[in-house]
Amino acid sequence: MKTKLIKYIVPAVLIAASVSLYAIKSNVGPVADKDNAGLKLPEGFGALVVAETGAQPRHIVVTPQGNIYVKMFRVRNGSKGIYYYKTDAAGKGTLSKSFGDYPGTGMNLKDDYLYASSNTEVFRYKIDANKEVLDADHPERIITGLKTGQHESKSIVFDNLDDIYVNIGVNSNSCQVKDRQFASMGIPGCPLLDSAAGIWRFKINKPNQTYKDGIRYATGLRNVVGLDWNQQNNQLFVMQHGRDQLHSIFPDMYTEKQSAELPAECMYALKQGDNAGWPYMYYDQIQHKKIMAPEYGGDSKKEAVGNFIDPVAAYPGHMAPDGLLFYTGNMFPEKYKNGAFIAFHGSWNRAPEPQKGYFLVFQPFKNGKPFGDWEVFADGFSAMTTDIKSPNEAVHRPCGLAQGPDGSLYVTDDHHGTIYRIIYTKK
Amino acid sequence: MNRVLTALLLLASISFCVSAQTKPKTVGAAPAASIARGALVYKQYCLACHQIDGGGVPNMNPPLSKTTWISGDKTRLIKVVLNGFPAPVDIDGESYTNVMAPHNFLKDQDIADVLTYVRNSFGNKGSAITAASVKAVRAKNK
């Protein structure tokens, strides 16, 4: 009897079990949460909460295996700076490990290394064939000694060679003699541009590089958090956070309403040597002009003088673009292919006017250039049904973006700590 | 109008002298007129960063409620307005990156009003700060 059981029944049960397991695996892909995790999405899309991190997730990367590395903005009371989540078939994440004692924003993956930035340095971790970090306690430090302060994020992206591009935001609003002070004028020949307010290029594989080992790839960019490499053009695209406080610094030149709308948050397509004009000018998306900054002789109308590039797209002021991603996946409908998703963290400097942003925008592209009007793709992060008067009212604030191997779009929220996954569910 | 102001200033300085002499003792409720004027100063010079609810901006501009910076030592608070505030700074366990510019261009009365307003708004309950106090701190400042 016993032998019979082992001989026939056990294999039969095992076969049945593996067949049903296979069925589960092939039928159950990521499943949208009942309420789409509170997000408002175009028809056919769904969303789920992958994880509640309990921290402040900034930039994020998804491995070919569908697992997630995410950089935490702050480390507190022994918490770590990088979280690694494994995801199940339904898309839910489980924290597998956390490591790194430094805060920061930058997180990216290339070949055999995971790259992460603090607010002053960039590290890389060797990973194995499953994209698992091999020695979490001993990363290689590839860049060090970068300036920080306000605009501290060091976002990172790669080209198709062995270069890494790092944003170095400037510790200033508009290069005034006294930062953010009423009526204070600009410092002549703004000295901050030598080591900040630009994108620097370094090598991905050289240890301990400092400013002298890199090149200032582009300048005149006050603060960039969202950036991505456009594979169609083989070109770097960045989102600039425009300057604040036109009204409170120059109340005679700008009304509160003008100051809420201006200047534009700009998308730039960069070439080596480009100058986007900060602090000498800003882009006015209503006049469609580069306007001389009031700190440097402007009056809200005078056009900028100098060899400054134009943005390729402009968005309302102060919405704070913290994530940029060119969509190259196959899951979403054709119109999204090679277009840009932008995560707008949400404004604060529009007060007392209602705040704006706190959503994901889709910017259509054609032949590597913005084509047509941008649209709100995912809204509802704030969970507000009325105007947002203060950033503290928003429950979630979108920040980092990543594309999964199946074409899902991942979004971090660095306020409440949620990681979302947006999927296309229509067959 | 000028006479009212002078009277108010006189009153303020008298009450300052009195409170200075009688030291800690509890001070009466903050005058409504000062709070009302302070609200206007707040809107013009503070609201852009500290927001309509005094909640500040996470990671950037500190909140003005539930902190001893507002409810505590008045001299320290007056100095924040006169000298500004450096950044990055950690306050009550949170980091803030945006510098606060010195607001020493504001008149003593404006600073007194706005601080009295803040100390009695956003869930705060504090005694008034007088123009005379501001004047005294300004005189000893630097």
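Note that the protein sequences, when read in sequence, are chains A and B.
For the first sequence, numbering that gives the first Met the number 0 gives the first residue as 0, with consecutive numbering after it.
For the second sequence, numbering that gives the first Met the number 0 gives the first residue as 0, with consecutive numbering after it.
Note that CB positions come from ideal geometry on N, CA and C, so glycine has one too.
For I69 of chain B, there are no C-beta contacts with chain A under 7 Å, since the nearest C-beta of that chain is about 16 Å from it. Here DSSP, grouped into helix, strand and coil, assigns Y101 of chain A to coil.
Rounded to the nearest angstrom, the gap between the Cα atoms of T96 of chain B and M291 of chain A is 27 Å.
Taking one beta carbon from each stretch, the region 34 to 47 of chain A and the region 66 to 73 of chain A have fewer than 3 pairs nearer than 8 Å; the two do not touch. Burial is judged here by how many other beta carbons sit within 10 angstroms of a residue's own beta carbon; Q230 of chain A has fewer than 16 and is exposed. Between I59 of chain A and L269 of chain A, the gap from beta carbon to beta carbon reaches 9 Å or more. At least 9 Å separates the beta-carbon of Q284 of chain A from that of Y216 of chain A. Using a CB distance below 9 Å, the part of the region 152 to 186 of chain A facing chain B consists of N170, S171, N172, Q175, K177, D178, R179, Q180, F181, A182, S183, ordered along the chain. About 5 Å separates the CB atoms of S389 of chain A and G54 of chain B; that is less than 8 Å, so the two are in contact. Residues of the region 72 to 84 of chain A with a Cβ closer than 8 Å to any Cβ of chain B, in chain order: F72, R73, R75.
Secondary-structure assignment with DSSP links F364 of chain A through a beta bridge to A:P369. Using a CB distance below 7 Å, the part of the region 380 to 391 of chain A facing chain B consists of K388, S389, P390, N391, ordered along the chain.
When DSSP states are grouped into helix, strand and coil, W199 of chain A belongs to the strand group.
Sequence-ordered contacts of the region 328 to 351 of chain A with chain B read W347, N348, A350, P351 [C-beta pairs closer than 7 Å]. If you ignore the 5 residues before and after D109 of chain B, its C-beta comes within less than 6 Å of the C-beta of V40, all in its own chain and listed in chain order. Selection A:A88, A:Q208, A:V304 evaluated against K288 of chain A yields A:V304 as nearest (Cα-Cα). The secondary-structure analysis by DSSP pairs R140 of chain A across a beta bridge with A:F122.
Listed in chain order, the beta strand (DSSP E) elements of length 3 or more contained wholly in the region 259 to 290 of chain A are 264 to 269, 280 to 283.
Taking C-beta atoms as the reference points, D321 of chain A and P397 of chain A count as a pair closer than 9 Å. Here the alpha carbons of G105 of chain A and S116 of chain A stand approximately 5 Å from one another. Residues P61, S94, Y95 of the same chain have their beta carbon placed closer than 8 Å to that of V88 of chain B, with the five preceding and five following residues left out of the count.
The region 59 to 117 of chain A is shown to contain whole beta strand (DSSP E) runs of 3 or more residues at 67 to 71, 81 to 86, 92 to 98, 106 to 109, 112 to 116, in chain order. The beta strand (DSSP E) runs of length 3 or more contained entirely in the region 82 to 106 of chain B are, from start to end of the chain, 88 to 90, 93 to 95.
In terms of CA proximity to D110 of chain A, A:F157 leads the group A:F157, A:D100, A:K85, A:D136. Residue contact check for N82 of chain B against chain A: no CB pair falls below 9 Å. Taking 7 Å as the Cβ-Cβ cut-off, the region 236 to 252 of chain A approaches chain B at Q244, S247, given in chain order.
Under the Cβ criterion of 9 Å, G148 of chain A is counted among the residues facing chain B. Apart from sequence neighbours up to five positions away, the residues of its chain that approach K130 of chain A with a beta-carbon distance below 8 Å are T62, P63, Q64, N66, L108, L113, ordered along the chain. Linking S407 of chain A to G92 of chain A through their CA atoms gives a straight-line distance of about 14 Å.
Between the region 312 to 326 of chain A and the region 336 to 356 of chain A there are three or more C-beta pairs closer than 8 Å, enough to call the two in contact.
Under DSSP, M238 of chain A shares a beta bridge with A:M266.
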